[in-house]
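Peer 1: Counted the way the numbering used here counts, the sequence shown spans residues 38 to 676. We treat Cβ as the ideally placed atom computed from N, Cα and C, and that holds for glycine.
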Amino acid sequence: MPISSITNKIYNYISWPPITIGRKMYDVIKNVDKSGTFLKHLVLRMIISSASNYILYTIQKDIMKGFGKLDNYVFNSLGQENVKEEDFENFKEQAIDILYPILKYISISLIVSTYETIYNTRMAKKLKQLFNEKVFNENQVGIKLSNSEETAEIVRNLPEDVDIIAKEGLSLVRSATNSFQKAALSFMPLYRLSNNINILGIKLPDLLLVSFVFSGAKQFVSSFITNLTTSYSNQYTMENAKKNTTISHDFSNVKPIFTANAQSAVAEKHKNLLDKLDTLEMKLSIITSVNNIWLSSTSYANSIFKYVIMGYKVFTGAIQSDEIYTGYSYFNDIDELFSWPDDNQAQIRNLEPRLDRLKTFLNKEKEILNSPQKIEYNRGKYLALNNLSLSTTDRNFFTINNMVFKTQERYVFSGPSGSGKSSLIAKINGIIHDGINAKGIISQPNQKRIMLTQDDYFPAHSNIIDVLCLPNKAPTHNVKREQLKTQAQKLLTTLNFGRDIDLEETKTNWGAELSGGQKKKLKLVSAILQKPDLLLLDEVFVGLDENSVKNIQRIINDELPNTTIISVDHHPDKSKDFYTSHYSIKNGKVYHVAGAKIDNTLEEIDNEPVTPREYTDLIQRRPTFSSYNSDNKSYANVR
Numbered sequence: 038m039p040i041s042s043i044t045n046k047i048y049n050y051i052s053w054p055p056i057t058i059g060r061k062m063y064d065v066i067k068n069v070d071k072s073g074t075f076l077k078h079l080v081l082r083m084i085i086s087s088a089s090n091y092i093l094y095t096i097q098k099d100i101m102k103g104f105g106k107l108d109n110y111v112f113n114s115l116g117q118e119n120v121k122e123e124d125f126e127n128f129k130e131q132a133i134d135i136l137y138p139i140l141k142y143i144s145i146s147l148i149v150s151t152y153e154t155i156y157n158t159r160m161a162k163k164l165k166q167l168f169n170e171k172v173f174n175e176n177q178v179g180i181k182l183s184n185s186e187e188t189a190e191i192v193r194n195l196p197e198d199v200d201i202i203a204k205e206g207l208s209l210v211r212s213a214t215n216s217f218q219k220a221a222l223s224f225m226p227l228y229r230l231s232n233n234i235n236i237l238g239i240k241l242p243d244l245l246l247v248s249f250v251f252s253g254a255k256q257f258v259s260s261f262i263t264n265l266t267t268s269y270s271n272q273y274t275m276e277n278a279k280k281n282t283t284i285s286h287d288f289s290n291v292k293p294i295f296t297a298n299a300q301s302a303v304a305e306k307h308k309n310l311l312d313k314l315d316t317l318e319m320k321l322s323i324i325t326s327v328n329n330i331w332l333s334s335t336s337y338a339n340s341i342f343k344y345v346i347m348g349y350k351v352f353t354g355a356i357q358s359d360e361i362y363t364g365y366s367y368f369n370d371i372d373e374l375f376s377w378p379d380d381n382q383a384q385i386r387n388l389e390p391r392l393d394r395l396k397t398f399l400n401k402e403k404e405i406l407n408s409p410q411k412i413e414y415n416r417g418k419y420l421a422l423n424n425l426s427l428s429t430t431d432r433n434f435f436t437i438n439n440m441v442f443k444t445q446e447r448y449v450f451s452g453p454s455g456s457g458k459s460s461l462i463a464k465i466n467g468i469i470h471d472g473i474n475a476k477g478i479i480s481q482p483n484q485k486r487i488m489l490t491q492d493d494y495f496p497a498h499s500n501i502i503d504v505l506c507l508p509n510k511a512p513t514h515n516v517k518r519e520q521l522k523t524q525a526q527k528l529l530t531t532l533n534f535g536r537d538i539d540l541e542e543t544k545t546n547w548g549a550e551l552s553g554g555q556k557k558k559l560k561l562v563s564a565i566l567q568k569p570d571l572l573l574l575d576e577v578f579v580g581l582d583e584n585s586v587k588n589i590q591r592i593i594n595d596e597l598p599n600t601t602i603i604s605v606d607h608h609p610d611k612s613k614d615f616y617t618s619h620y621s622i623k624n625g626k627v628y629h630v631a632g633a634k635i636d637n638t639l640e641e642i643d644n645e646p647v648t649p650r651e652y653t654d655l656i657q658r659r660p661t662f663s664s665y666n667s668d669n670k671s672y673a674n675v676r
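1. Please give the ranges of any beta strand (DSSP E) in the segment 314-363, keeping only runs that are unbroken, at least 3 residues long and fully inside the region.
2. Look at the alpha carbon of T617 and the alpha carbon of N439, and state the distance between them as a whole number of angstroms.
3. Tell me the DSSP secondary structure of T543 in three-state form.
4. Does DSSP put T436 in a helix, in a strand, or in coil?
5. Taking the alpha-carbon positions, what's the P55 to A304 distance?
6. Nearest to D503 by CA position, among K560, E550, N339, is which residue?
7. Output yes or no for whether 8 Å exceeds the beta carbon distance between L227 and Y367.
8. Please report how far the alpha carbon of V627 lies from the alpha carbon of G457, in whole angstroms.
9. Out of T316, S248, V441, which has the shortest C-alpha to C-alpha gap to I346?
10. Label D315 either buried or exposed according to how many other C-beta atoms from any shown protein chain fall within 10 Å of its C-beta, with 16 as the threshold for buried.
11. Count the other CB atoms, across all protein chains shown, that sit within 10 Å of the CB of Y448; report buried if there are 16 or more and exposed otherwise.
12. Per the DSSP calculation, R447 is bridged to which residue(s)?
13. When the Cα atoms are used, what is the spatial distance from F662 to L521?
14. Run the CB neighbour count on L597, radius 10 Å, all protein chains shown included, and call it buried at 16 or more, exposed below.
15. Pick helix, strand or coil for P453, following the three-state DSSP scheme.
16. Return the CA-CA distance between K611 and G554, expressed in angstroms with no decimal places.
17. The alpha helix (DSSP H) that contains K556, what's its start and end?
18. What do you reckon, are the CB atoms on N271 and A355 nearer than 8 Å?
19. Less than 7 Å between C-beta atoms, sequence neighbours within five positions excluded: which residues of the same chain meet that for E446?
20. With a threshold of 6 Å on Cβ separation, who are the neighbours of F398 within its own chain once the five nearest residues in sequence on each side are excluded?
21. Looking at the structure shown, is H619 part of a helix, part of a strand, or coil, going by DSSP?
22. Using the Cα positions of E576 and S454, report the straight-line distance between them to the nearest angstrom.
23. Exposed or buried, Q256, counting other C-beta atoms within 10 Å across all chains shown (16 or more means buried)?
24. Quick one: which unbroken alpha helix (DSSP H) runs of 4-plus residues sit fully inside the segment 117-161? Chain order, please.
25. Go ahead and pull the three-state DSSP assignment for I234.
26. Rounded to whole angstroms, how far is the Cβ of L244 from the Cβ of L230, which I believe are closer than 8 Å?
27. Please list, in chain order, all residues of the same chain as I201 whose beta carbon is under 6 Å from its beta carbon, the five residues on each side excluded.
28. Whole angstroms is fine: what's the gap from F442's alpha carbon to F450's?
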């Protein structure tokens, strides 16, 4: 087995927090950053960080050596009965000399800290941008997952999760990396200060061995207490929620007609819940106290242990007395690595579930991308559908081998609920709906603007002007904005909007303020103001009275004479003078309605396959459709 494979298996098996956090962060970033640019920048930052850590490490050791020499002067020279003036002058000189490396350390630390803060902020911003691209892309991953009950919570938590991961996740990775680097740099110096001891015939460096055993044992106890505290805390939270729900339910449902026995049973149940909660609360209080005492005592234990060990080494002559400070700092660096999980336990507990949720999100995204969503969007002279089929895992909706939509025409699709009408125009607009698979080619006109009216989306903290300009930004120039307001107000009045509103008033959720009919009218006004080349109407006339529908259709005819319209309508027979061509989806097939009576004389549409390059020829030989002439109230067959 290759060494790299063995290393990967060991790496994946280790569950120590500095390793697991790094592994999860790497997995998330690797899946988000397909180009590898982010990881390259992260590696570059780690290299620069390693170099700066090494420089700071060497300066720090010089400082420790200086303190060791000062100790020597204090105890060996200044502590004697006959202190010479020369000894005191040397002591002052050494005290002044130590200021230089201290100032150098502070200056470089300030530069490194500033650099890493700026770099981390930019990296966090880049990571959040990458996640936004993951959610708001042409595959509509966010929409699909939010429509699934299983993953809706993941999508709801996604903005906060990404924000925490981008900030605290990168910060923890940097912290863990620094701890590893410092421990690695201290390993060899501590090894050189060690003497070999024989254990079971194996020669081991005593200082390194003692350092690892002490730090490891301390970390084992800390992890045990922390896990116990977390376990009791989770149990208490769960039981407390259960108690609150149960008591609230019983209080609102217990009737006076209940018998005394029933009342007693309910009271006994409540008592048992409270007793269990009290027991858990007592255990949690005790283990929390133990944890606090342990954390406060470990710092004293560290100091006593390290000084005793180093003092013993000086006593035996294994090291010089001025090496105590440097040896002590080596111990600290190794102990800091072992203590890293305890020092960062709050951040780790906050981060790990978020990383797990994000991993689930990325896995679900892979499922979406691997599903048969094989739509190819091309550019051409006309909007055309070529070999387009819609289906789910257990049902085929329909297949359109070719269909071309001529400019300035008004097309309507009708059919039973669930036949795929709304999904079809969603695919035309580039939206992937949850559970609907699509294959084929959708060719869109060059340089043409497509707009889909949907009444269910109103941005948070927006005003009506913002809503009317979606998906574009509202103009900020005062003159243009006033012109837009005047046009919008006129259209809303014509459409009998039903209430006076301040178009500039910002509300948290306009969607909750308006009725369904008002939302539809606003979206139609938005389409009229923006004058798209292709307008997709998804059941916009549902819920409106007949007069409102006629009024809206008249305004669309007047204001959008050059716009191609594709509509989904359950009652196209009520709008014969609006639509020029009608297609009906029935029993998995798409039919063209050829007669004047709109629900009769169905003909299956031409299914001869075409390629995107054949649009001109296709227009010349496409099947006839019925066009309604409003002047003489009759239909004519046109091409």
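Peer 2: Taking the structure as given:
1. none
2. 19 Å
3. coil
4. strand
5. 49 Å
6. K560
7. yes
8. 10 Å
9. S248
10. exposed
11. buried
12. I602
13. Per-residue confidence for F662 stands at a pLDDT of 33, beneath the threshold of 50, marking its modelled position as unreliable; the derived number appears in the next sentence. Each residue's alpha carbon lies about 38 Å from the other.
14. buried
15. coil
16. 18 Å
17. 553-567
18. no
19. T601, T617, S618
20. I191
21. strand
22. 11 Å
23. buried
24. 122-134
25. strand
26. 6 Å
27. R391
28. 13 Å
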